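Participant: Quick mapping for you: the protein sequence lines, in order, are chains C and X. Letter 205 of the first sequence, counting from 1, is numbered 665 in my numbering, and no numbers are missing. Letter 368 of the second sequence, counting from 1, is numbered 372 in my numbering, and no numbers are missing. Glycine is no exception: its CB is placed at the ideal position from the N, C-alpha and C atoms. This structure is a prediction, so every number in the text was calculated from the model and none was measured.
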Amino acid sequence: MSKDDFILKADGIHKSYRMGVAKVRVLKGVDLAVKKGEFVAIVGASGSGKSTLLHILGALDKPNKGVVKFEGRDLSRHSGSELNRFRNKMVGFVFQFYHLLDELSVLENVFLPVMVGKSVVGWFACRRWAKSRARGLLGQLGLSERAKHKPYQLSGGERQRVAIGRALMNEPRLLLADEPTGNLDSETGNGILEILEELNRLGQTIVMVTHDESIAQRAGRIVTLVDGKIEHKSIRA
Amino acid sequence: MYKIVLAFRYFLKRRITHFAVLAVALCVFIVVVVMTVMTGLVGDFKQKNHDFVGDCVVGTESLVGFAYYEEFVNILEEQKDFVEGVSPVIKSYALINRKGSERNEGLEIMGIEPLRHSRVTGFGKTLNYHKGDVSKTFEPAYDPNLLGCVLGVDVGRRLGNVMSPVRDADGEYFYESSPTPAGYSISCFPLTSRGALSKAGAGLVSTKTFYYSDTSRSGLARVDFSLVYLPFEWAQRLCGMDGSVKRASAVHIKFKPNVKLQAGCEKVASLWQKFKQRKAGERQAYLLDTVTVQNWKDYRRSSIAPMEKEQTVMAVMFAFVGITTVFIVLVVFYMIISHKSKDIGILKSIGVSNAGIMELFSGFAFLVGLLGSCVGLLGGWVFLLKINRIEDWLFEHFRFQLWDRTIFAIGDIPNQVNLKVLGVIVLSAIVACLVGALLPSLQAASSTPVDTLQVNQL
Ligand SMILES: Nc1ncnc2c1ncn2[C@@H]1O[C@H](COP(=O)(O)OP(=O)(O)O)[C@@H](O)[C@H]1O
Ligand SMILES: [Mg+2]
């Protein structure tokens, strides 16, 4: 297996936080490789460092030690503007608390990443396309009727679907989801997982973080984070 | 594009921004109103001084005066390219006594040729009865054969003449339809060219009775309260300046409209230098040494300077108002941005750069500054338009007046807005907002997305 098959490869990731004088070592050498089209679940107890790892994989945070390679390229070699481009185009984030912008409508929240990636002129050139793509995504996510609403008018499940729409807007190579169902009842959460499964079936690479084993079961592969390291890898039969 | 959209949304949707806008508006309002009134008062005061003096004065402070002024007046009158008019004047002090009263007052006298003087200064316009025919200024309407004098508008009262013009609460004067006959005996101490009392044998004082022919209102409190205009020759005679070599106190000059004040005065100064050199050998040449050439601003410096100082103090005070605005905006922005720290994290997670965050909040601050100053400006403008009506109303109902018109020589409160001043104020308000937003925006921009997003995660 050549290493080019991996869309994402993390080697020896270390991360520690300074808490006053004490140093909390959260990640102590995590190795992880994700292939294109995979659906990987990272499971671990609360506080085990799952979110920290996911943020490092998505270039929202930097490791103290170790290398993250995306499509063979070391993220630490990226310049600031390249990292911004990377976060804008290559990865899509879904957070536990949805993190939508309250001042924007549902539709605007979804096409926001396109707007961010374009200059004023660029935006005027493509805004019809962007709006129609955002409407299409909302349609797929069952939110056609909600386009004009504000996030606070939506239920938790609906908000998370909007967040997924936003994450997919720029057709990222990699979707990163941090406890996407953590704040939802099981039935609603199940709906979200079905969406993720469907996306994966269509070829979307997904890395999902959860503390819930049963949710992790929905992924193609489960890795467990224990004591700052990946403990054991199992492939669903 | 997202910056513009989000800046507008934050601006419109956050209640607290309305407070920021209000704070900016209030500051702008105060500054606009006070600056306009202040600038108006100072400008008005300067204009009155200018009208009183003309453009340039060649003169001496000495009560002796200076000799050979007639020759210099002739020289000036030949300067058709830049001199519009020339008026020699006599200035001195005198004791005045209204006929039929025991009271004596020390006043200033000024001897002028009315027609010439009103060509150089605004003298003609300050008169009440002779506005249309300045040449007859010193002919009392009740008997043109009498020798007239023009009293400063408040002088008559001071001398105990109950028929003199009275100023009412609006600052307007009530004049009799024609001057009431009144005689004033005016006494001067005539001086020789060496400054000694002349006519030592024939009683040291020269006295002459003049009859009230008109009243002059310059709008300058001191002038209106203590100046009496007399016919030039008579003043000259009273002061002993009419010897074989005639003397005068000063020559007032008005320049042609297109002549710059500075340039005109410099030309006059060099003419004066040449004149002085030519006269060096003459008998009374020493009198020319005390003569200075000054533009009207320098000539009236002692009364203008305090007013200008006041204006400067005001400007400094408003600089503090500006700093306060910066702080208000800073506080409001800290609050807004700490509320929005999650948004900043979200934006960064979808690829917004630090510079983008800065620009977003700067744009937001710009909007606050722009709207705030527009509201303040509009409010200030409307207030200024109505300021005199508001003052009238306050006076009618509460007897309240900003400036007591029986004391201050002010008619209406000036409310002419100066576009340049407005521009500066608006610009400063916007800059204040940007400065106030700078620190919080910088902090927001430098925060790491993970920290801001983690806040909500337990
Ligand atoms: N910015 C931070 N500063 C200090 N400690 C942090 C920070 N972020 C995370 N931690 C600590 O790192 C550990 C792992 O956090 P996290 O990755 O959020 O865990 P999980 O997502 O698995 O619940 C926790 O003990 C947490 O307190
Ligand atoms: Mg977590």
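Taking 7 Å as the limit between beta carbons, can you name the residues of its chain near C:R678, skipping five residues before and five after?
Facilitator: For the purposes of this step, residue 678 of chain C is identified with residue 218 of the first sequence, where counting begins at 1. Correct list, in chain order: L653 and E657.
Participant: Looking only at its own chain, which residues have a Cβ that is under 7 Å from the Cβ of X:K140, when we skip the five neighbours before and after it?
Facilitator: The sequence position of residue 140 of chain X within the second sequence is 136, counting from 1. Hits under 7 Å: H134.
Participant: Contact between the stretch 620 to 629 of chain C and the stretch 553 to 560 of chain C is defined here as three or more beta-carbon pairs at a separation below 8 Å; is this criterion met?
Facilitator: The answer is yes - the stretch 553 to 560 of chain C touches the stretch 620 to 629 of chain C, with three or more Cβ pairs under 8 Å.
Participant: Taking the beta strand (DSSP E) that X:E88 falls in, what are its first and last residues?
Facilitator: Taking the first residue of the second sequence as 1, we reach residue 88 of chain X at position 84. That run of the beta strand (DSSP E) goes V87 to R102.
Participant: Against X:R13, what residues of chain C qualify as contacts under a CB-to-CB distance less than 7 Å, listed in chain order?
Facilitator: If you number the second sequence from 1, residue 13 of chain X lands on position 9. Ordered by position in chain C, the residues that pass the 7 Å Cβ test against X:R13 are E563 and L564.
Participant: Taking 5 Å as the limit, tell me which residues put their C-beta closer than that to any heavy atom of ligand 3, in chain order.
Facilitator: In the structure shown, ligand 3 is absent; the only ligands present are ligand 1 and ligand 2.
Participant: What first and last residue would you give for the beta strand (DSSP E) that runs through X:N299?
Facilitator: Locating residue 299 of chain X in the second sequence gives position 295, counting from the first residue. Looking at the DSSP string, the run of the beta strand (DSSP E) that includes X:N299 is T296 to N299.
Participant: Are the C-beta of X:I20 and some C-beta of chain C separated by less than 8 Å?
Facilitator: Against the second sequence, residue 20 of chain X aligns to sequence position 16. Chain C, which has no Cβ nearer than 8 Å to the Cβ of X:I20, makes this no.
Participant: List the DSSP bridge partners of X:P144.
Facilitator: Numbered from its first residue, the second sequence carries residue 144 of chain X at position 140. BP columns for X:P144 are empty, so no partner.
Participant: Please compile the residues from chain X whose C-beta is within a distance smaller than 7 Å of the C-beta of C:W583.
Facilitator: Here residue 583 of chain C refers to the residue found at position 123 when the first sequence is read from its first residue. Result: M5.
Participant: Is there at least one Cβ from chain X nearer than 8 Å to C:V576's Cβ?
Facilitator: Numbered from 1 along the first sequence, position 116 holds the residue referred to as residue 576 of chain C. By this cut-off, C:V576 is an interface position.
Participant: Suppose you measure from the CA of X:G110 to the CA of X:C243; what does that come to, to the nearest Å?
Facilitator: Mapped onto the second sequence, residue 110 of chain X falls at position 106. Mapped onto the second sequence, residue 243 of chain X falls at position 239. Roughly 15 Å between the two C-alpha positions.
Participant: Could you list which residues in chain C have their beta carbon closer than 7 Å to that of X:D302, in chain order?
Facilitator: Along the second sequence, read from residue 1 onward, the residue named residue 302 of chain X stands at position 298. By Cβ distance, chain C contributes nothing, its closest Cβ being about 56 Å from X:D302, past 7 Å.
Participant: Just to confirm, does C:D645 get its C-beta within under 7 Å of one of the non-hydrogen atoms of ligand 2?
Facilitator: For this step, residue 645 of chain C is matched to residue 185 along the first sequence. Not so, every heavy atom of ligand 2 lies at least 7 Å from the Cβ.
Participant: Where X:I348 and X:L431 are concerned, what is the direct C-alpha to C-alpha distance, given to the nearest angstrom?
Facilitator: The count along the second sequence starts at 1 and reaches residue 348 of chain X at position 344. The count along the second sequence starts at 1 and reaches residue 431 of chain X at position 427. If I take the Cα positions, the gap works out to 28 Å.
Participant: Could you tell me which chain C residues have their CB closer than 8 Å to the CB of X:P444, listed as they occur along the chain?
Facilitator: What you label residue 444 of chain X is simply residue 440 of the second sequence in a count that begins at 1. Within 8 Å Cβ-Cβ: nothing; X:P444 doesn't reach chain C, min ~18 Å.
Participant: List, from N- to C-terminal side, the beta strand (DSSP E) runs of 3 residues or more that fit wholly inside the stretch 165 to 228 of chain X.
Facilitator: Taking only runs of at least 3 residues, the beta strand (DSSP E) segments lying wholly in the stretch 165 to 228 of chain X are 187 to 192 and 210 to 220.
Participant: Relative to the C-alpha of C:G507, which residue among C:V500, C:V484 and C:F499 is closest?
Facilitator: Counted from its first residue, the first sequence places residue 507 of chain C at position 47. Of the candidates C:V500, C:V484 and C:F499, the one whose C-alpha sits nearest the C-alpha of C:G507 is C:V484.
Participant: Can you confirm whether the stretch 92 to 100 of chain X touches the stretch 301 to 313 of chain X when touching is taken to mean that 3 or more C-beta pairs between the two stretches lie within less than 8 Å?
Facilitator: Verdict: no, contact absent.
Participant: Can you tell me the Cα-Cα spacing of X:I341 and X:I8, whole angstroms?
Facilitator: In the second sequence, the residue the question calls residue 341 of chain X occupies position 337. In the second sequence, the residue the question calls residue 8 of chain X occupies position 4. Looking at the two C-alpha atoms, the distance is approximately 17 Å.
Participant: Shorter than 8 Å from the beta carbon of X:S451 to some beta carbon of chain C?
Facilitator: Position 447 of the second sequence holds residue 451 of chain X. Judged by the 8 Å Cβ criterion, X:S451 is not in contact with chain C.
Participant: Would you say X:S432 lies against chain C (beta-carbon separation less than 8 Å)?
Facilitator: Reading the second sequence from its first residue, position 428 is the one you call residue 432 of chain X. So, not an interface residue.
Participant: Indicate, with yes or no, if ligand 2 has a heavy atom lying under 7 Å from the CB of X:D455.
Facilitator: Walking along the second sequence from the start, residue 455 of chain X turns up at place 451. Incorrect: X:D455 has no Cβ contact closer than 7 Å to ligand 2.
Participant: What residue does the beta strand (DSSP E) around C:A679 start on, and which one ends it?
Facilitator: Counted from its first residue, the first sequence places residue 679 of chain C at position 219. Premise fails: C:A679 is in no beta strand (DSSP E) and is neither H nor E.
Participant: Anything in the stretch 521 to 551 of chain C with a Cβ closer than 8 Å to a Cβ of chain X? List those residues in chain order, please.
Facilitator: Per Cβ criterion, the list reads D521, G540, S541, N544, R545, F546, R547, N548 and K549.
Participant: Please give me, in chain order, every unbroken run of the beta strand (DSSP E) with length at least 3 that falls completely inside the stretch 266 to 344 of chain X.
Facilitator: For the stretch 266 to 344 of chain X, whole beta strand (DSSP E) runs of length 3 or above, ordered along the chain, are 296 to 299.
Participant: Look at C:K488 and C:H474 and say whether their C-beta atoms are less than 8 Å apart.
Facilitator: For this step, residue 488 of chain C is matched to residue 28 along the first sequence. For this step, residue 474 of chain C is matched to residue 14 along the first sequence. Yes, these two residues count as a Cβ contact at 8 Å.
Participant: Using a beta-carbon distance cut-off of less than 8 Å, what residues from the stretch 335 to 353 of chain X approach chain C?
Facilitator: Of all residues in the stretch 335 to 353 of chain X, K346, D347, G349, I350, L351, K352 and S353 have a Cβ within less than 8 Å of some Cβ in chain C.
Participant: Taking one C-beta from the stretch 309 to 318 of chain X and one from the stretch 416 to 434 of chain X each time, how about it: are there three or more such pairs within less than 8 Å?
Facilitator: Segments in contact, no.
Participant: In chain order, what residues of the same chain lie with their CB nearer than 6 Å to the CB of C:G649, ignoring the 5 residues before and after it?
Facilitator: Position 189 of the first sequence, counted from the start, is the residue given in the question as residue 649 of chain C. The answer, listed in chain order, is T641.
Participant: Counting only beta-carbon separations shorter than 8 Å, does C:H671 have a partner in chain X?
Facilitator: For the purposes of this step, residue 671 of chain C is taken as residue 211 along the first sequence, with counting starting at 1. By this cut-off, C:H671 is not an interface position.
Participant: Using a Cβ-Cβ distance cut-off of 8 Å, determine whether C:S462 contacts chain X.
Facilitator: In the first sequence, counting from the first residue as 1, residue 462 of chain C sits at position 2. Confidence in C:S462 is poor, its pLDDT being 48 and thus under 50, which makes the residue's placement unreliable; the coordinate value appears in the next sentence. Not closer than 8 Å to any Cβ of chain X, the Cβ of C:S462 fails to qualify, so no.
Participant: Are there three or more Cβ pairs, one per stretch, closer than 8 Å when the stretch 371 to 382 of chain X is compared with the stretch 434 to 445 of chain X?
Facilitator: Contact holds: three or more Cβ-Cβ distances are below 8 Å.
Participant: Looking at chain C, which residues of the stretch 287 to 316 of chain X have a Cβ within less than 9 Å of any of its Cβ atoms?
Facilitator: For the stretch 287 to 316 of chain X, which is checked against every Cβ of chain C, not one residue is closer than 9 Å.
Participant: Give the range of the beta strand (DSSP E) segment to which X:E109 is assigned.
Facilitator: Locating residue 109 of chain X in the second sequence gives position 105, counting from the first residue. Its beta strand (DSSP E) spans residues N108 to I116.
Participant: Does the beta carbon of X:S357 come closer than 8 Å to any beta carbon on chain C?
Facilitator: To locate residue 357 of chain X, count along the second sequence from 1; it is residue 353. Yes, X:S357 lies at the interface with chain C (some Cβ there is under 8 Å from its Cβ).
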